[in-house]
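From first to last, the protein sequence lines stand for chains A and B.
Quick note, the first sequence lines up with residues 1 to 598 if you use the UniProt record's numbering.
Quick note, the second sequence lines up with residues 1 to 598 if you use the UniProt record's numbering.
By construction, the Cβ of each residue, glycine as well, lies at the ideal position given by its N, Cα and C atoms.
Here is the structure we will look at.
Protein chains: 2
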Amino acid sequence: MNADTYTAPIADMRFVLTHLVDLHRVLDLPGLRDCSADVVDAVLQQAGRFASEVFAPLNVVGDRIGAQLDKHRVRMPPGFREAYRKYIDAGWCSLSVETEHGGQGLPRVVSSAVGEMWKSANLAFSANLMLTTGAMEALIAHASTDQLKRYLPRMLTGEWTGAMNLTEPQAGSDLSVIRTRAVPQADGKYRLHGQKCFITYADHDMADNVVHLVLARLPDAPAGVKGISLFLLANRQVQADGSLGPQNDVKVLALEKKLGQHASPTCVLMHGESEGALGELVGAPGAGLTCMFVMMNDARLQVALEGVGVGERAYQHALAYARLRVQGRAAGTAAPAAIAQHPDVRRMLMWMKAQNEAMRAVAYVAASWLDIAKRDPSTEQRREYQDRVDLMIPVLKGWMTETGAEVACLGIQIHGGAGFVEETGAAQFYRDVRASSIYEGTTGIQASDLIGRKLGRTPGPEAIRGLLREMRATAQELANPRGADIVAVRGSLLSVIEALSSSTEAIIACAADEPQGVLAVSVPFLKLVGIAMGAWQMARAAGVAERLLSSGEGDSSFLREKIATARFYAEHISPQAGALAVTVEAGRSSPLAIDFCA
Amino acid sequence: MNADTYTAPIADMRFVLTHLVDLHRVLDLPGLRDCSADVVDAVLQQAGRFASEVFAPLNVVGDRIGAQLDKHRVRMPPGFREAYRKYIDAGWCSLSVETEHGGQGLPRVVSSAVGEMWKSANLAFSANLMLTTGAMEALIAHASTDQLKRYLPRMLTGEWTGAMNLTEPQAGSDLSVIRTRAVPQADGKYRLHGQKCFITYADHDMADNVVHLVLARLPDAPAGVKGISLFLLANRQVQADGSLGPQNDVKVLALEKKLGQHASPTCVLMHGESEGALGELVGAPGAGLTCMFVMMNDARLQVALEGVGVGERAYQHALAYARLRVQGRAAGTAAPAAIAQHPDVRRMLMWMKAQNEAMRAVAYVAASWLDIAKRDPSTEQRREYQDRVDLMIPVLKGWMTETGAEVACLGIQIHGGAGFVEETGAAQFYRDVRASSIYEGTTGIQASDLIGRKLGRTPGPEAIRGLLREMRATAQELANPRGADIVAVRGSLLSVIEALSSSTEAIIACAADEPQGVLAVSVPFLKLVGIAMGAWQMARAAGVAERLLSSGEGDSSFLREKIATARFYAEHISPQAGALAVTVEAGRSSPLAIDFCA
């Protein structure tokens, strides 16, 4: 397979959306009733084709040439500008923005599937699309009507893109120590001064303007998070009538040379080198971090999808190689064999496939919870699903990005020596996805959020216990006499439920007395929750597949593979949950036994 | 910490050599009696200094500039030539070669420790040193007296280096399909024709000549492995008196652009583009693979050491960063904290430290078994230790290289966003070590060797059962009333023993009836054996440390850390053994349930 090739896994996406997500319920939510199942299917088909034909062929050239800085302006690799033009012409920019704001109003669960495709096809490219959507959502949530009128229309068309200017050299995981200053002007605007780093797509040559959401401090603002406000500015100033004005005082000082995602410009960005970058306050003074946090669940789900996106692409790449590469002999014969016939290669392919399908199912189900949490007519339902979402988002972000990196690592392994050679293409996935468990909050930050703000407070414990009840119900549904595969899947699910339940109660019980201890096992616990969610959705999938098979519905080959994949997950991945539970329950003190600063 | 910095972990090396390895027994072996414990210590000190001062500072420049091809000649990065000159001037080349062949005759256990340092300091550089040692060993084992006389002296001095020319485009893991031809000449020499790939250091500008050991076929040789012979040739022909003759007909056609190890030239090498590369037969016709297999245990142990070598360097790098990088607050205070104070970062540092120390202990103990197997006066002892070595080498190669990659991955994570930026240096370790689980036999090949040729035949089962008996004896020794740390370590060790024992018996019992099934769980089994060996040596270490502490001997700070690290291993790493046992015992069919070639 050419490294440029990608085929969207539409069959699996459709299976998840039809049988694991309650798509019917989602499409019946207020505001989504114009979106039928047929529309969803058409969107998936078109997005799949677009990803394959437009984005995927640029993945390698993006890596080889990368974004370049030329006199403080970012120049994208060849073909990127044209591909972006096709993207905006096809109207993909406004997919998930609500119709009342001029968007197409597709549910999160559908835009998540589309997002997975963009990430599979071209992770570095997709960052720009994700940031623009995020910036639009932030403006819709917090900007004034006037600001929306001037900024949103050209972002909806894709003429302008978005960037999030949070990090500073001394303020990474801890944004409370941000120093960028915003000085009020006579006309109600502000002049911003300060250097930011790790600003993705702060500049590029694909669109007319870049709109920045900037965290900064007003004069005399209190120290800490309560002194941080949110500002809006753009590379080219936006006039009162929404037209483009003069160049603003923002300048890209440098691009980072990174391990991967070379086509995604990571900028050191100076605000206010001379007179100050002209910007506007968004929301209330001091509410900057709160404003950004509103966006966090969406943003973290998007980054979580990078795990399955790159994992899927790495799997397709490895599978194609394993089918073509002949080495050694097939069992019991003298005939040369494709390596995809060798048991250990089959195990690795199954491992990649099973992890990808589990991640996809868990992510889309969680995305549907976001839709329900946002739109269900019942306040109680909205709250219940919001509680679940709040609990699961850090798990998805941490578990999926770490798992995606492991999947890409196995993708190299299947290629053998060729995998270490860049030309083969497998190494790019491994390099690219390595950032996903770092940005938008490292796995450690996610785990601390899970243990602290989520499980450590009402209603976190009740939310996870509710999920455990549903997992037990799934195990119950699979209890009637079934084939050996389902028996194995169910047995493994019961072990996972036990591991998750006992670890969860241990964490809850110890949180008050051992705050450092529970943090010290927070990442193992997060991984345990992720694996358990994967085991649950794969068990549900196996149950559905068996039912469909026995009633003669569906694609029998796909359904048999789904059951086989669920059994593999149960036997090769789920057992890790038990090991992690041992660590969570017994290993809270040993990580803290050495003082590394002594 | 500057990315160029490395400090050899002499204290831990000394602890392992003194308390876990029976160094006294090794130094009392025939042929090693000139080597005292004082000599060993001096060698470690000097090697540590040399690694830090000469090799380590070239690691980054080697990565940035890499080896370059210029008119078919390989040019090394700046400083490499001078460093190699210092290396040969200091006499390191002949360290492990036996004294009767002109070497310094140090035991494997000591040269392994030195090898770890070279790999920590500069993995790409170290490949050349390893290959030269390997080539010398191969010649000593198989070459004629005349060949030895002409080739060995200048390799011992380091004036000439060695290369191993095995792989061809169609013959990677399966060498039986090698096509390179060797045509006999009237004078008893041979002309070789054929293209090889992945030939490491086939050419460079640091020494006067490169000596190649080449696998090729004689005319009318039978197909398969029995038709493969071993040949000796050099870039510059070696005359009858051992002096340099004309350029040979070997040519580097290209260098691979690789994910890592950029300074280690990976050559596409043409033998015999015109008249044929002039070479000599080594050993008997058709014995080529057998000759190479004699070297395999040494070579695989060397590559295994890359796991701990790079892991150690990545740990030092991450620790230095974590101590300096201030972010967030220390628990219960408002004071800014170094991230090394945060529980999850401490967990990651402990994880890296524990894995490195376990790998080091297991590797050095295995290296001492190699010494005993080679030199013990008792035939029975030699055989017993050779059986152990044969069993453990694939485990070390697979487990340590995979673990080293995980350690380097966490090293990036500790750096956060900076870890994804190449300038930080953490990413290089991640890229460099990714090859170690591929070359010299992938992890899958190691696992197949472990399950098939080792455990699948006498005396493999008895060898592993013997190790299990020793592990139980260690648990027994730790059974007397002890502190909570030892109680935890012992409890975990007992679980590991149970997991290893039941999995081993399952593999042995199923091997005949389910040959494909046991191969399908061979890598999980290999990892389980590795983790179990690590748990065993860490438990032994904890027991020794406690004894020394209670008798007031040794560095109490080091010993307390050793106990803490062993407990961390017991609680955070050993539990994986139980999960892997579930997979090995229950998961033999699911990897084979999908036909990926259908």
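Less than 8 Å between the beta carbons of residue i and residue j, yes or no?
i, j, result
"A/Arg300", "A/Ile393", "yes"
"B/Trp351", "B/Leu305", "no"
"residue 672 of chain B", "B/Arg567", "An answer regarding residue 672 of chain B cannot be provided, because it is not within the stretch 1 to 598 covered by chain B."
"B/Val303", "B/Thr443", "no"
"B/Glu422", "A/Leu23", "no"
"A/Leu69", "A/Phe125", "no"
"A/Leu20", "A/Val109", "no"
"A/Tyr151", "A/Leu166", "no"
"A/Cys597", "B/Arg323", "yes"
"B/Gly105", "B/Leu32", "yes"
"A/Cys510", "A/Arg457", "no"
"B/Val282", "B/Leu269", "no"
"B/Val210", "B/Ala234", "yes"
"B/Ala263", "B/Asp63", "yes"
"A/Ala539", "A/Leu455", "no"
"A/Pro153", "A/Gly102", "yes"
"B/Thr180", "B/Met155", "no"
Determine the closest residue to residue i out of the options, with distance taken between C-alpha atoms.
i, options, result
"B/Lys149", "B/Asp241, B/Ala182 and B/Val210", "B/Asp241"
"A/Ile531", "A/Gly332, A/Arg360, A/Met130 and A/Ser173", "A/Arg360"
"B/Ala221", "B/Ser176, B/Ala135 and B/Ala541", "B/Ser176"
"A/Val40", "A/Ala51, A/Ser503 and A/Ser112", "A/Ser112"
"B/Asp298", "B/Gly286, B/Val389 and B/Ala56", "B/Val389"
"A/Thr474", "A/Ala541, A/Ala90 and A/Ile65", "A/Ala541"
"A/Lys196", "A/Val225, A/Gly224, A/Ala163 and A/Val345", "A/Ala163"
"B/Gly517", "A/Thr504, A/Pro591 and A/Ala331", "A/Ala331"
"A/Tyr385", "A/Ala373, A/Val395 and A/Pro377", "A/Ala373"
"B/Ala408", "B/Glu462, B/Gly441, B/Lys353 and B/Ala363", "B/Lys353"
"B/Gln476", "B/Gly460, B/Gln355 and B/Ile497", "B/Ile497"
"A/Gln327", "B/Glu256, B/Asp38 and B/Pro169", "B/Pro169"
"A/Lys562", "A/Leu27, A/Gly417 and A/Glu357", "A/Glu357"
"A/Ala545", "A/Val529, A/Ala186, A/Ala564 and A/Leu528", "A/Ala564"
"A/Leu319", "A/Ala335, A/Ala340, A/Thr333 and A/Arg329", "A/Ala340"
"B/Ala405", "B/Tyr430, B/Phe420 and B/Ala418", "B/Tyr430"
For the region 542-570 of chain A, list every residue whose C-beta sits within 7 Å of some C-beta in chain B, in sequence order. Glu561, Ala564, Arg567 and Phe568
With contact counted as at least three CB pairs below 8 Å, one residue from each stretch, are the region 96-105 of chain A and the region 69-79 of chain A in contact? no
Report yes or no: do three or more beta-carbon pairs, one from the region 438-453 of chain A and one from the region 521-528 of chain A, lie closer than 8 Å? yes
For the region 459-478 of chain A against the region 549-559 of chain A, are there 3 or more C-beta pairs whose distance is under 8 Å? no
Give the residues from the region 286-309 of chain A that approach chain B closer than 9 Å (Cβ to any Cβ), ordered along the chain. none
Pairing CB atoms from the region 205-219 of chain B with CB atoms from the region 78-90 of chain B, are three or more of them under 8 Å? yes
Using Cβ-Cβ distances below 7 Å, what residues of the region 353-380 of chain A are close to chain B? none
Could you please tell me which residues of the region 502-535 of chain A, in chain order, have their CB closer than 8 Å to any CB of chain B? Pro515, Gln516, Gly517, Leu519, Ala520, Val521, Ser522, Val523 and Pro524
As an exercise, report each continuous beta strand (DSSP E) stretch of at least 3 residues that is fully enclosed by the region 110-137 of chain B, in chain order. none
Any contact of the region 237-255 of chain B with the region 284-293 of chain B, i.e. 3+ C-beta pairs under 8 Å? no
Kindly confirm or deny that the region 109-128 of chain B and the region 306-313 of chain B touch, where touching means at least three C-beta pairs closer than 8 Å. yes
Between the region 426-436 of chain B and the region 366-376 of chain B, do three or more beta carbon pairs fall short of 8 Å? no
Report yes or no: do the region 529-546 of chain B and the region 561-577 of chain B share at least 3 C-beta pairs separated by less than 8 Å? yes
At a Cβ cut of 9 Å, what residues of the region 430-445 of chain B count as close to chain A, listed as they run along the chain? Tyr430, Arg431, Arg434, Ala435, Ser437, Ile438, Tyr439, Thr442, Thr443, Gly444 and Ile445
May I have a chain-ordered list of the alpha helix (DSSP H) segments no shorter than 4 residues that lie completely inside the region 321-391 of chain B? 343-375
What runs of the alpha helix (DSSP H), each 4 residues or longer, lie entirely inside the region 462-536 of chain B? 484-510 and 515-520
So if I threshold CB-CB distances at 7 Å, which residues from the region 453-475 of chain A count as touching chain B? none
Report the residues of the region 480-502 of chain B with a CB closer than 7 Å to any CB of chain A, ordered along the chain. none
Completely contained beta strand (DSSP E) runs for the UniProt domain "Acyl-CoA oxidase/dehydrogenase middle" (163-268) of chain B, where each covers 3 or more residues: 181-184, 190-200, 209-217, 228-234, 236-238, 244-247 and 250-255
Could you list the residues in the region 576-590 of chain B with a C-beta less than 9 Å from some C-beta on chain A, going in chain order? Gln576, Ala577, Gly578, Ala579, Leu580, Ala581, Val582, Thr583, Ala586, Gly587, Arg588, Ser589 and Ser590
Under 9 Å, CB to CB, which of the residues in the region 251-263 of chain A have a partner in chain B? Glu256, Lys257, Lys258, Leu259, Gly260 and Gln261
Mind pulling the beta strand (DSSP E) runs of 3 or more residues that sit fully within the region 270-310 of chain B? 277-282
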